Structure formats: C-alpha cells, structure tokens
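> The opening residue of the sequence shown carries number 1 in UniProt numbering; numbering runs sequentially from there.
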Amino acid sequence: MAVVISAIFCFILGLALAVGGWKIIALGGTWYFALLAVGFLLTGGLLLARRRAALWVYALVMLAALGWALYEVGFDWWQLAPRGSIIAPLGLWFLTPWIAQRLGWQHFGARAWGGGALVLMLAVALWGATAVQAISTDSHDIKGMLPQPLAAAPGASASPAGQVPEGEWHAYGRTQAGTRYSPLAQLTPANVDGLEQVWHYHTGDQRRPGDPDETTYEVTPLKVDDSLYICTPHNLVIALDADTGEERWRFDPKVPDSANRQHLTCRGLSYHASEAPAGSQACPQRLFMPTADARLIALDPKTGQVCPEFGRNGEVDLWANMPNVREGFYYSTSPPVVANGLVIIGGAVNDNVSTTEPSGVIRAYDAISGELRWNWDPGNPEQTEPIAEGQTYSQSTPNSWSIASADEALGLVYVPLGNQVPDQWGGERGENTERFSSSIVALDLDSGQLRWVFQTVHHDLWDMDVPAQPSLVDIDTESGPVPALVAPTKQGDIYVLDRRTGEPILPVREVPAPQGAAEGDRAAPTQPVSALSYAPPMLEGKDLWGATFIDQMLCHVQFHSLRYEGRYTPPSTQGTLVYPGNFGVFNWGGVAVDPVRQMVFSTPAYLPFTSTLIPREDDQKTYVSDKAPHLNENFGAPFAVELKPFVSPIGLPCTAPPWGYVAGADLRTGKTHWLRKNGTVRDRAPVPLPFKMGVPSLGGPMLTAGGVAFLSGTLDNYLRAYDSSTGRELAKWRLPAGGQSTPMTYLSHSGRQMVVVVAGGHGSLGTRAGDSVIAYALPR
Numbered sequence: 001m002a003v004v005i006s007a008i009f010c011f012i013l014g015l016a017l018a019v020g021g022w023k024i025i026a027l028g029g030t031w032y033f034a035l036l037a038v039g040f041l042l043t044g045g046l047l048l049a050r051r052r053a054a055l056w057v058y059a060l061v062m063l064a065a066l067g068w069a070l071y072e073v074g075f076d077w078w079q080l081a082p083r084g085s086i087i088a089p090l091g092l093w094f095l096t097p098w099i100a101q102r103l104g105w106q107h108f109g110a111r112a113w114g115g116g117a118l119v120l121m122l123a124v125a126l127w128g129a130t131a132v133q134a135i136s137t138d139s140h141d142i143k144g145m146l147p148q149p150l151a152a153a154p155g156a157s158a159s160p161a162g163q164v165p166e167g168e169w170h171a172y173g174r175t176q177a178g179t180r181y182s183p184l185a186q187l188t189p190a191n192v193d194g195l196e197q198v199w200h201y202h203t204g205d206q207r208r209p210g211d212p213d214e215t216t217y218e219v220t221p222l223k224v225d226d227s228l229y230i231c232t233p234h235n236l237v238i239a240l241d242a243d244t245g246e247e248r249w250r251f252d253p254k255v256p257d258s259a260n261r262q263h264l265t266c267r268g269l270s271y272h273a274s275e276a277p278a279g280s281q282a283c284p285q286r287l288f289m290p291t292a293d294a295r296l297i298a299l300d301p302k303t304g305q306v307c308p309e310f311g312r313n314g315e316v317d318l319w320a321n322m323p324n325v326r327e328g329f330y331y332s333t334s335p336p337v338v339a340n341g342l343v344i345i346g347g348a349v350n351d352n353v354s355t356t357e358p359s360g361v362i363r364a365y366d367a368i369s370g371e372l373r374w375n376w377d378p379g380n381p382e383q384t385e386p387i388a389e390g391q392t393y394s395q396s397t398p399n400s401w402s403i404a405s406a407d408e409a410l411g412l413v414y415v416p417l418g419n420q421v422p423d424q425w426g427g428e429r430g431e432n433t434e435r436f437s438s439s440i441v442a443l444d445l446d447s448g449q450l451r452w453v454f455q456t457v458h459h460d461l462w463d464m465d466v467p468a469q470p471s472l473v474d475i476d477t478e479s480g481p482v483p484a485l486v487a488p489t490k491q492g493d494i495y496v497l498d499r500r501t502g503e504p505i506l507p508v509r510e511v512p513a514p515q516g517a518a519e520g521d522r523a524a525p526t527q528p529v530s531a532l533s534y535a536p537p538m539l540e541g542k543d544l545w546g547a548t549f550i551d552q553m554l555c556h557v558q559f560h561s562l563r564y565e566g567r568y569t570p571p572s573t574q575g576t577l578v579y580p581g582n583f584g585v586f587n588w589g590g591v592a593v594d595p596v597r598q599m600v601f602s603t604p605a606y607l608p609f610t611s612t613l614i615p616r617e618d619d620q621k622t623y624v625s626d627k628a629p630h631l632n633e634n635f636g637a638p639f640a641v642e643l644k645p646f647v648s649p650i651g652l653p654c655t656a657p658p659w660g661y662v663a664g665a666d667l668r669t670g671k672t673h674w675l676r677k678n679g680t681v682r683d684r685a686p687v688p689l690p691f692k693m694g695v696p697s698l699g700g701p702m703l704t705a706g707g708v709a710f711l712s713g714t715l716d717n718y719l720r721a722y723d724s725s726t727g728r729e730l731a732k733w734r735l736p737a738g739g740q741s742t743p744m745t746y747l748s749h750s751g752r753q754m755v756v757v758v759a760g761g762h763g764s765l766g767t768r769a770g771d772s773v774i775a776y777a778l779p780r
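(1) Based on the DSSP secondary-structure assignment, which residues constitute the bridge partners of Ala640?
(2) Going by DSSP in three states, Arg734 sits in which element: helix, strand or coil?
(3) Where Glu357 and Ala705 are concerned, what is the direct C-alpha to C-alpha distance, given to the nearest angstrom?
(4) Going by DSSP in three states, His272 sits in which element: helix, strand or coil?
(5) In the structure shown, what three-state DSSP assignment does Gly664 receive?
(6) Could you have a look at Thr30 and say whether DSSP puts it in helix, strand or coil?
(7) Measuring only the C-alpha atoms, how far is Val255 from Ser332?
(8) With 16 other CB atoms within 10 Å as the buried threshold, where does Asp619 fall?
(9) Specify whether the segment 198-205 and the segment 605-613 touch according to this definition: at least 3 beta carbon pairs, one from each stretch, less than 8 Å apart.
(10) If you draw a straight line from the alpha carbon of Lys223 to that of Glu168, how long is it in whole angstroms?
(11) Classify Ser159 as buried or exposed, calling it buried when 16 or more other Cβ atoms lie within 10 Å of its own Cβ.
(12) Between His272 and Phe288, which are expected to be in contact by the criterion C-beta below 8 Å, what is the C-beta distance as a whole number of angstroms?
(13) Hey, would you say Ile368 sits closer than 9 Å to Gln305, going by beta carbons?
(14) Just to confirm, are Asn587 and Leu698 a CB contact at a threshold of 9 Å?
(15) Run through DSSP, which three-state label would Trp462 get?
(16) Closer than 8 Å by C-beta to Phe75: which residues in its own chain qualify, once you throw out the five before and the five after it? Chain order, please.
(17) With DSSP collapsed to three states, give me the class of Ile230.
(18) Contact check, Gly411 vs Asp444 under 8 Å by CB: the rounded distance?
(19) Would you kindly check if the distance between the Cβ of Gly116 and the Cβ of Arg52 is under 9 Å?
(20) Answer with buried or exposed for Ser438, where buried requires no fewer than 16 other C-beta atoms within 10 angstroms of its C-beta.
(21) Could you tell me which of Pro386, Leu719, Ala292 and Pro701 sits nearest to Pro233, measuring between CA atoms?
(22) Rounded to a whole number of angstroms, what is the C-alpha to C-alpha distance between Val508 and Ser561?
(23) Would Pro147 and Met599 be called neighbours here (beta carbons separated by less than 9 Å)?
(24) Count the C-beta pairs between the segment 471-488 and the segment 401-417 that are closer than 8 Å, then say yes if the count reaches three, no if not.
(25) Does DSSP put Pro653 in a helix, a strand or coil?
(26) Would you report the Cα separation of Glu385 and Tyr365, rounded to the nearest angstrom?
(27) Can you check which of these residues, Ile650, Phe646 and Val624, is closest to Ala640 by C-alpha distance?
(28) In the structure shown, what three-state DSSP assignment does Ser764 receive?
(29) What residues in its chain sit with their C-beta under 8 Å from that of Ala685, if we drop five residues either side in the sequence?
(30) In the structure shown, what three-state DSSP assignment does Gln491 receive?
(31) Give me whichever residues DSSP pairs with Trp374 in a beta bridge.
(32) Using a Cβ-Cβ cutoff of less than 8 Å, which residues in the same chain neighbour Val708 once the five nearest sequence positions on both sides are dropped?
(33) Taking DSSP as the reference, what is the three-state secondary structure of Lys677?
(34) Tell me, which residues are paired with Met599 by DSSP?
(35) Where are the beta strand (DSSP E) runs, 3 residues long or more, that stay fully inside the segment 184-271, in chain order?
(36) Is it the case that the Cβ atoms of Leu607 and Leu577 are separated by a distance below 9 Å?
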C-alpha cells in the first residue's frame with residue numbers, strides 16, 4: 001500500500017509540474033520544472049510496477065535537482081529550502097523498509113540496500129550535507145565597521161534649524177533638521193541590553209468599525225520640558241508625565257468618521273515656543289496638530305486647551321481655497337514644520353480615485369495669528385503671495401504627504417513631493433507637473449519662492465513619491481564642509497545634495513530606462529541613480545521563491561506572464577512587475593543620520609508589486625474597488641489600475657528572503673560599510689517560529705551619540721537595539737502590538753536616558769493592533 005500511495009503522489013506531483021512547466025517554457029522560462037515532471041512521472045510509473053529502477057531514477061532526480069539548485073543559488077539556505085522541501089524528504093521516505101524492501105526483492109537483507117538504494121542514500125546524504133553547509137553560511141550580510149562614536153565637538157549635533165536641549169525631542173525628527181539623532185550617550189553597546197520597562201501607558205484609542213484599512217499608529221512623541229506629547233489615529237492629543245507616563249491631559253478635536261478616507265493616522269505633532277515675553281500673549285508655547293477632517297489646530301501644551309488667537313477659535317481650515325472639495329479626500333497625516341515663526345504644511349490626497357483631486361499646495365501660516373503668509377502651488381509656482389478670496393489652487397498637483405525639514409540659517413524649507421494622480425498613467429500631465437512630481441523642492445522661508453528643485457524620478461509612472469523627511473547634516477568634503485541634505489527614496493536611492501543649491505554631493509548619473517508606455521503616454525528615456533543606492537538588482541528566475549517548488553513554479557508562471565525589463569518598466573495592460581514596489585525600499589520612516597560621524601543608518605526593504613492597467617469604458621463603472629473612496633479607479637483617465645503584491649497562491653512572497661535589512665553607510669564616500677538582514681517571521685508565519693529571514697520595516701530608526709540605534713518597525717513585534725558601528729543586534733524587547741513608528745529618546749527629570757516606542761499596529765500591514773506607549777531605561 002505504501003508503494004502505491006507513493007506512486008500516486010509522484011504522479012500528482014509530476015502532472016502538476018508538467019502543466020506548470022510547459023506553460024513556463026511557452027512563456028520563455030526555464031525547462032527545469034518540465035524536466036522535473038518527467039523524473040516524477042517516471043518514478044511513479046516504476047513504483048507502480050514495483051521496479052527497483054524507481055530508486056535509481058529518483059536518485060538521479062535528486063542529484064540533478066541539487067546540482068541545478070547549487071548552480072542557481074549556491075549555499076543560500078532559504079533559497080535551497082523550497083527546492084528541496086519535497087524532494088529530499090521523499091528520497092528519505094523511499095529508503096524506508098516500506099518502500100526499499102518492497103521493490104524488486106521481496107525479502108529483508110543486505111541486498112535490499114544495494115544498487116539504486118545505495119545511490120539514493122548518497123543523494124539524500126548530499127542534500128543533508130548541503131543543508132548543513134547552507135545553514136551555517138551567511139550569503140547576504142556585509143559585516144564591516146563604521147568608526148566608533150566620538151565625543152561631539154561643541155555644536156556638532158546642533159540642528160541647522162536651531163538649538164534643541166540635548167535631553168529633549170521637539171520635532172518629529174528631534175529637530176527640524178530631521179536627523180533622528182540624539183546627543184545623549186548614557187546607552188552604549190556595552191549596557192543597552194540592561195534596558196527595562198519603566199512605564200506602559202494605554203491611550204484607549206482602539207480601532208473602530210468603519211475605520212479605513214490603513215488605520216495606523218505611526219506617531220513619534222515629542223518631549224518638551226517635563227512632558228511627552230502624542231497624537232493617536234483618531235487625532236486625540238495626549239500629554240504624559242515624561243518620568244511616570246501618567247496622563248496629564250487629553251484633547252479630542254471631535255473628528256467625524258468618514259468612509260472616504262484612505263488613511264487614518266497621525267505621525268506626530270509640532271512644537272513652537274514664541275520669543276515674545278511670557279504673559280504678552282495666550283499660549284507662548286504651542287502644539288500644532290493637523291486633523292483627518294483638514295483642520296490645523298493650535299493647543300497650549302500646559303493645559304491642552306486651544307489657543308484662541310490662532311486662526312478662528314484656535315484652528316485653521318485647510319479646505320480654504322481648495323478645488324474639488326469632497327470630505328475625506330484631503331488632510332495632513334504628517335506634522336507641519338515650524339520655522340521662522342511659520343507653520344508650514346502640505347497634505348495628502350486619496351490615491352488615484354480621479355483626475356480631479358484637491359491641490360498639493362504648500363501653505364505657511366503665522367504661528368501666532370494663523371494668518372496665511374504665503375502659498376506655493378506646484379501648478380502655479382511663481383505666485384506665492386496669499387491667494388485671494390474666492391480663488392482656488394490648481395487641482396491634482398503633486399502633493400506633500402510626508403514630513404518637511406528646514407534650515408533657518410539658510411532661510412529654506414525642504415519639501416518632499418509625491419506624484420500627480422493618476423500615478424500609473426501620465427499622458428495628460430502639464431509642464432509644472434513634469435517638473436515637480438516625485439521631487440524635493442527648496443522654498444524660501446520668508447516668501448515661499450522656489451529656490452531649487454531636484455527630481456528623483458522623471459515622469460513617474462510607479463507611485464515613487466519622495467516618501468520621507470530630508471535629513472540635514474554638514475558633510476566634510478575635499479573642498480571643506482558642505483551643508484548637505486540626505487534624501488531616501490522609494491526606489492532605493494539615497495541622494496546626498498548640497499542643500500544650498502540642490503546640486504549632488506555624491507555623484508548622480510542618468511541611466512537608460514525601459515520604454516513602451518501605455519497608449520497615450522510615454523516613458524522617460526533616462527532615470528537618475530545615486531552613488532549611494534540600495535536599489536535591488538534585476539530579478540531573474542533564480543530569485544523566485546515559495547514554500548515548496550510547486551508554489552515556486554507558480555511564481556515562475558506569474559513572473560513570465562508579466563512585463564518586466566527591470567526597474568522603471570512602464571505599467572501595462574498585460575500586467576507589469578514593479579520592483580521595488582510602491583511600498584518602497586524606504587518609506588515615511590526615513591533614515592537616521594549621525595552628524596558627528598557623518599554616517600546614515602537605514603532600513604532597506606524589498607517587496608515587488610504588480611501593476612495592471614485596465615481600460616475604462618466610462619467614468620462611472622468601477623473596475624478595482626467595491627466601496628468608497630474607490631481607490632485606483634482613476635475616474636477621468638483612460639485606465640484604472642490594479643495593484644497587488646507579487647505573492648504566490650498561498651500568500652508568500654514570490655521573491656526570496658531577505659526582505660529587509662539594516663544598513664550603515666558613510667555619507668562622505670557613499671560606501672556601505674555593513675548590511676545585515678533584520679527581523680523574523682515570528683508574527684507573520686502560520687507557526688510562530690522566529691526564523692531570522694529579514695523582514696520589511698515601516699517606521700524609522702533612531703540613533704544616539706552612545707553608538708546605539710533603535711528600530712521598532714519590523715513586521716515582528718519587537719523593539720531592537722543595534723551597534724551603529726557594525727549593525728549587530730544587541731538586544732530586543734517584545735512589544736504587545738506592531739511597532740510601526742519611530743522610537744525617540746530623552747532625559748528624564750531624574751537624569752535617566754529614556755527610550756520610548758509607540759506600539760499600535762499597522763492596518764495595511766496586518767500587524768497586531770494596540771494602543772501602547774512604552775518607556776524603557778537602565779535600572780536606577
């Protein structure tokens with residue numbers, strides 16, 4: 001019976017491999033799966049005939065499969081595992097008495113283990129030895145070293161946007177320079193594993209029925225004086241005692257629910273301290289919070305009450321002068337930048353619903369009165385004086401949904417811009433859109449006038465918004481110190497620019513890009529590539545993956561059915577593989593920059609997507625959505641777009657791990673000194689096994705002068721500490737929910753360096769939801 005069942009199993013595998021294998025051949029792919037089908041079918045037939053030759057044939061199948069696997073992927077364990085996941089165990093099964101002793105000779109004895117059985121033993125042993133070697137081989141990490149932390153020279157860690165006390169955290173990136181670097185040095189690689197939880201606060205803001213899928217905790221707290229300030233997805237603002245975590249006050253702006261919102265998050269608040277004498281005005285200190293219903297609210301950080309002098313009763317209406325007003329289609333998920341007494345804010349629009357979206361205008365309001373001081377409209381960039389009553393900004397222009405940074409000494413604010421909708425079809429974009437989409441613009445702080453623009457993707461057809469806050473740091477060059485801007489991008493390039501002019505410090509070259517855009521569109525002939533880049537190499541068949549060779553085969557079928565000519569392959573009605581996908585190598589969490597060592601700590605991630613254009617018949621029919629706000633329908637354009645992750649039928653990535661790393665690079669040379677796969681599949685696998693395969697991270701890193709970096713954004717629920725010189729993981733702490741936020745650090749009243757992380761989960765990533773704010777410190 002065992003022989004018959006084994007024969008049937010081989011027939012089933014052989015037939016599946018035959019169907020898939022011949023389809024792959026027809027699509028121009030590998031012959032491997034078809035040849036493997038022949039081996040399984042022949043083995044099944046010989047087993048059914050109880051011929052001992054079955055062992056010989058299967059031994060040859062195993063040896064051939066092993067040779068091909070080693071040729072393709074070498075001793076890469078996670079690549080070898082699916083290739084041997086059925087083949088090797090089946091070979092071991094064929095050597096059991098239930099099979100080996102029932103083929104050819106019908107008796108026990110030494111003769112039963114000769115001939116084909118002996119060759120099969122050799123094949124099984126070779127697979128086993130290969131597995132042992134692969135498990136002990138690290139074929140992905142770069143184990144180098146950056147310089148050890150040095151004592152900072154006076155002012156070396158000062159922000160280009162102004163001084164912040166060493167023990168505080170006044171802006172999303174600690175300062176308006178956005179480096180996510182703290183000059184505190186109590187925590188070092190030698191002692192950080194001693195961190196213990198000091199307090200654990202629950203906000204009480206949980207997900208509600210009707211919330212959008214992308215309801216997320218992405219907030220980085222502020223620390224000013226003796227208080228922490230956070231916001232929640234539903235725009236509650238909460239003040240906590242920085243030493244104890246006890247709630248001091250909370251403010252509820254009463255944001256109504258809406259089915260039209262794509263996102264529900266608050267990445268953070270902004271802080272402003274007036275230079276006017278205390279008592280000369282209400283709220284000499286202010287917190288600014290943008291809401292999901294498009295208001296900008298000013299709060300007194302001492303009391304949580306609105307500052308009545310600001311705007312109308314403490315708030316500004318961000319819908320003012322907007323075109324295409326439709327509730328839920330415009331709001332700011334990111335904190336504004338505060339510089340030179342101005343609150344400067346952009347906003348997000350719903351992705352690809354229609355060609356008639358609100359404007360991507362950048363506006364600057366007086367931080368005291370709320371009066372509009374200037375506006376920069378990407379569709380009308382020369383006219384920056386405040387818009388006249390009754391007029392509207394340009395519709396559907398590139399918007400800034402991420403975080404800006406500022407240099408008050410140079411008088412510039414640096415704004416990362418996204419793409420004009422629709423993201424995947426650009427046949428009707430205007431001159432200004434072509435100039436500003438997916439770029440960084442430097443605007444004059446006083447007037448809003450454009451000083452320079454640097455475009456990271458030409459004629460973007462892939463949703464490659466500039467997703468992260470530019471980090472400002474001074475870099476030593478052969479010509480002396482240069483004020484620099486460090487800009488991570490979704491496509492994996494990190495651009496290092498002179499922030500005075502936008503000219504590259506590290507070389508940027510234009511490379512030819514694939515052509516052949518959809519009907520009515522075009523593709524840019526070249527695209528810029530930075531000397532400091534984590535863009536993945538072009539995918540090949542050997543890079544495809546699965547839990548077994550069956551779903552790996554199905555990924556081959558998908559891969560060869562899609563259009564793919566490398567990075568920047570234009571979207572198509574055939575379906576295009578987009579790699580990196582619009583999740584991005586880097587996203588809104590950005591990078592952390594050490595201004596003393598002039599190094600960058602980053603978290604590259606690798607997940608391909610597929611993009612399929614669907615011709616539209618009219619402007620009413622829905623093709624890719626079944627409920628509001630009808631994302632990706634592109635009403636008014638000739639195509640809707642279907643976006644999906646590139647995964648197998650059982651939901652596993654079709655590309656092999658690692659899918660996420662931490663990396664350390666020298667900003668002066670662009671050299672990556674170390675690269676280490678990061679994170680486990682404990683919270684993503686059907687069985688919670690902590691395999692360190694390297695998983696994506698969403699949420700930024702934070703660096704300290706003590707040589708320790710922190711990150712909580714991986715898809716497993718941990719806060720991790722790293723040696724920033726080597727990237728080595730030093731310690732980790734289990735979180736009660738997904739930590740897709742950026743940690744921060746500060747000095748408590750008692751003199752302890754605290755590390756705080758917000759763990760509330762991420763809706764679109766499917767990490768565990770929660771409402772935790774947790775503080776850690778060394779024991780007293």
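All C-beta atoms, glycine included, are put in the ideal place defined by N, C-alpha and C.
Quantities reported herein were computed from a predicted structural model and do not represent experimental measurements.
On the basis of the supplied data:
(1) Its beta-bridge partners are Ile614.
(2) The DSSP-derived three-state label of Arg734 is strand.
(3) Near 44 Å, if we compare the C-alpha coordinates of Ala705 and Glu357.
(4) DSSP places His272 in strand when its eight states are reduced to three.
(5) Strand, per DSSP.
(6) DSSP places Thr30 in coil when its eight states are reduced to three.
(7) Going by the C-alpha atoms only, they are around 13 Å apart.
(8) Classification of Asp619: exposed, given that the 10 Å Cβ count is below 16.
(9) For the pair of segments examined, the segment 198-205 was found not to touch the segment 605-613: the number of CB pairs separated by less than 8 Å stays below three.
(10) Their backbone Cα atoms lie some 5 Å apart in a straight line.
(11) Bear in mind that a pLDDT of 49 at Ser159, under 50, signals an unreliable position, so the number given afterwards is only what the model happens to contain. It is buried - the Cβ of Ser159 has at least 16 other Cβ atoms within 10 Å.
(12) Taking a contact as a CB-CB distance under 8 Å, the pair His272 and Phe288 counts as one, their CB atoms being some 7 Å apart.
(13) No, the pair does not count as a contact, with Cβ atoms beyond the cut-off.
(14) With contacts defined as CB atoms closer than 9 Å, Asn587 and Leu698 qualify as a contacting pair.
(15) In this structure, Trp462 counts as coil in the three-state DSSP scheme.
(16) So the qualifying residues of the chain are Thr130, Gln133, Ala134, Thr137 and Ser139.
(17) Collapsing the DSSP output to three states places Ile230 in a strand.
(18) Between Asp444 and Gly411 the Cβ distance is about 6 Å, and since that is below 8 Å, they are a contact.
(19) For Arg52 and Gly116, yes; Cβs fall inside 9 Å.
(20) Buried, by the Cβ-count rule.
(21) Just measuring C-alpha positions, the residue of Pro386, Leu719, Ala292 and Pro701 sitting nearest Pro233 is Ala292.
(22) Their backbone Cα atoms lie some 33 Å apart in a straight line.
(23) Yes, they are a contact pair.
(24) Under the 8 Å Cβ criterion, the segment 471-488 counts as touching the segment 401-417, having at least three qualifying pairs.
(25) Residue state, collapsed to three classes: strand.
(26) Near 12 Å, if we compare the C-alpha coordinates of Tyr365 and Glu385.
(27) Nearest option by C-alpha distance: Val624.
(28) Reduced to three states, the DSSP call for Ser764 is coil.
(29) Cβ within range, chain order: Phe691.
(30) Here Gln491 sits in coil by DSSP.
(31) According to DSSP, Trp374 bridges with Ala364.
(32) Once the five neighbours on either side are set aside, the close Cβ partners of Val708 are Leu187, Thr188, Pro189, Val192, Ala721, Tyr722, Asp723, Ser724 and Leu730.
(33) Strand, per DSSP.
(34) Met599 pairs with Asp594 and Asp666.
(35) Secondary structure within the segment 184-271: the beta strand (DSSP E) runs of 3 or more consecutive residues, fully enclosed, are 196-202, 222-224, 227-231, 237-241 and 247-251 (chain order).
(36) Note that the C-beta distance between Leu607 and Leu577 is not below 9 Å.
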